[in-house]
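Reading through the structure tokens given below for one structure.
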Ligand code: CA
């Protein structure tokens, strides 16, 4: 079964070029030209990943990101002509998984999509990236299943994480009690060379803490190591 992408883009030329390219890569593709069309498509189709332009005629992409996150953990890659750091960070804070600045190389987009959907890579020279095998990490009572991409808490509760959040938690839990630098973690969640790396990881860490820690401000599992990075603490 091909993954089903939803391209949300009001520029018809960009939309059709992107759709043709992603179809050529073997994806099933649907398109929407506005926020309204996007929400209508999400109500009727099973979508695996959204490529979301921030500048749309009806709604701002950031508002849409928040609306999508309020009801689902579906992966979102924001595509924007805005070069401002603030917009990119805002998109991540609201729950986007990655972003790309226009103009971009479509091959780059394909790599990001592969990375987020956790699909086995078939060449292309991709360096890092938490490409999880179908394996299960068990650490500190947590069960992190790289095949099902599911997370179960020590209390047996299923935790819903977005793709980027999942990749980050998996990278940490794979190396319990070891300090991992922000650069290392960045490789695990994104291939984004122009990412505001420190902030991106900090934003994601805070998103994951809110979901897995009883007291996100006093974390027990994901510990900040001042000046170095983060570690996943495995209690004995
Ligand atoms: Ca646009």
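Residue numbers (the numbering used here): 3 to 238. C-beta atoms are modelled at their ideal positions from N, C-alpha and C, and glycine is treated no differently. None of the values given here were measured: they were computed from a predicted structure.
Pick from 72, 58, 36 and 103 that is closest to residue 79, judged by C-alpha positions: Locating residue 79 in the chain shown gives position 77, where the first residue counts as 1. If we check each option's Cα against that of residue 79, 103 comes out closest.
Go through the residues and name those whose CB comes closer than 5 Å to any heavy atom of ligand 1, in chain order. Qualifying residues, in the order they occur: 12, 55 and 57.
Contact between the stretch 174-191 and the stretch 89-98 (3+ Cβ pairs under 8 Å): Contact fails between the stretch 174-191 and the stretch 89-98, because fewer than three Cβ pairs, one in each stretch, are under 8 Å apart.
Runs of 3 residues minimum, wholly inside the stretch 39-119: which ones carry the beta strand (DSSP E) assignment? Scanning the stretch 39-119 from its first residue to its last, the whole beta strand (DSSP E) runs of 3-plus residues come out as 51-55, 78-82 and 100-103.
Smallest Cα separation from residue 159: which of 216, 173, 89 and 58? The count along the chain shown starts at 1 and reaches residue 159 at position 157. For residue 159, the closest alpha carbon among the candidates 216, 173, 89 and 58 is that of 216.
Mind checking who residue 243 pairs with in its DSSP beta bridge? As displayed, the chain neither begins before 3 nor continues past 238, which places residue 243 out of reach and without an answer.
Residue span of the beta strand (DSSP E) that contains residue 34, given as start and end: Your numbering for residue 34 matches position 32 in the chain shown. Per DSSP, residue 34 is one residue of the beta strand (DSSP E) stretching across 30-34.
Of the residues 98, 89 and 55, which one's Cα is nearest the Cα of residue 72? Position 70 of the chain shown, counted from the start, is the residue given in the question as residue 72. Sorting 98, 89 and 55 by C-alpha distance to the C-alpha of residue 72 places 98 at the top.
Among the candidates 147, 168, 143 and 149, whose CA atom is the shortest distance from the CA of residue 156? For the purposes of this step, residue 156 is identified with residue 154 of the chain shown, where counting begins at 1. Among 147, 168, 143 and 149, the Cα nearest to that of residue 156 belongs to 143.
Report yes if the CB atom of residue 112 is closer than 9 Å to the CB atom of residue 53, and no otherwise. Residue mapping note: residue 112 aligns to position 110 of the chain shown, counting from 1. Residue mapping note: residue 53 aligns to position 51 of the chain shown, counting from 1. In this structure, residue 53 does not lie closer than 9 Å to residue 112 by Cβ.
Does residue 8 come out as helix, strand or coil in the three-state DSSP assignment? For the purposes of this step, residue 8 is taken as residue 6 along the chain shown, with counting starting at 1. Strand, per DSSP.
If residue 60 sits next to residue 38, beta carbons under 8 Å apart, how far is it from one beta carbon to the other, in whole angstroms? As a first step, residue 60 is located in the chain shown; it is residue number 58 there, counting from the start. As a first step, residue 38 is located in the chain shown; it is residue number 36 there, counting from the start. Going by Cβ atoms, the distance from residue 60 to residue 38 rounds to 6 Å, so yes, they are a contact pair.
Ligand 3 heavy atom lying under 8 Å from the CB of residue 90: In terms of ligand content, the structure shown lacks ligand 3 and carries ligand 1 instead.
According to the Cβ coordinates, are residue 233 and residue 150 closer than 9 Å? Translated into the one-based positions of the chain shown, residue 233 becomes position 231. Translated into the one-based positions of the chain shown, residue 150 becomes position 148. Taking 9 Å as the Cβ cut-off, residue 233 and residue 150 do not qualify as a contacting pair.
In whole angstroms, what separates the C-alpha of residue 212 from that of residue 219? To locate residue 212, count along the chain shown from 1; it is residue 210. To locate residue 219, count along the chain shown from 1; it is residue 217. Each residue's CA atom was taken as its position, placing residue 212 and residue 219 some 9 Å apart.
CA nearest to the CA of residue 118, picked from 35, 100 and 86: The residue given as residue 118 occupies position 116 in the chain shown. The option with the nearest alpha carbon to residue 118 is 100.
Chain-order list of residues whose beta-carbon lies under 8 Å from that of residue 208 (same chain, five-residue window excluded): Translated into positions along the chain shown, residue 208 becomes position 206. So the list reads 218, once near-sequence residues are dropped.
Counted within 10 angstroms of its Cβ, other Cβ atoms place residue 81 as buried (16 or more) or exposed: Reading the chain shown from its first residue, position 79 is the one you call residue 81. Residue 81 comes out buried.
Where do the ends of the beta strand (DSSP E) carrying residue 141 lie? Along the chain shown, read from residue 1 onward, the residue named residue 141 stands at position 139. That run of the beta strand (DSSP E) goes 138-141.
Hey, quick one: how far does the alpha helix (DSSP H) through residue 18 stretch, first residue to last? On the chain shown, residue 18 is found 16 positions in, with the first residue counted as 1. First-last of the alpha helix (DSSP H) with residue 18: 14-26.
Going by C-alpha distance, which of 77, 56, 109 and 5 is nearest residue 89? In the chain shown, the residue the question calls residue 89 occupies position 87. With distances taken between Cα atoms, residue 89 lies closest to 56.
Which of helix, strand or coil does DSSP assign to residue 208? As a working note, residue 208 is residue 206 in the chain shown. Look at residue 208 here: in three-state DSSP terms it is helix.
DSSP three-state assignment for residue 203, whether helix, strand or coil: As a position in the chain shown, residue 203 is number 201, starting the count at 1. Three-state DSSP puts residue 203 in a helix.
Within this structure, are the beta carbons of residue 32 and residue 14 separated by less than 9 Å? Reading the chain shown from its first residue, position 30 is the one you call residue 32. Reading the chain shown from its first residue, position 12 is the one you call residue 14. Contact: no.
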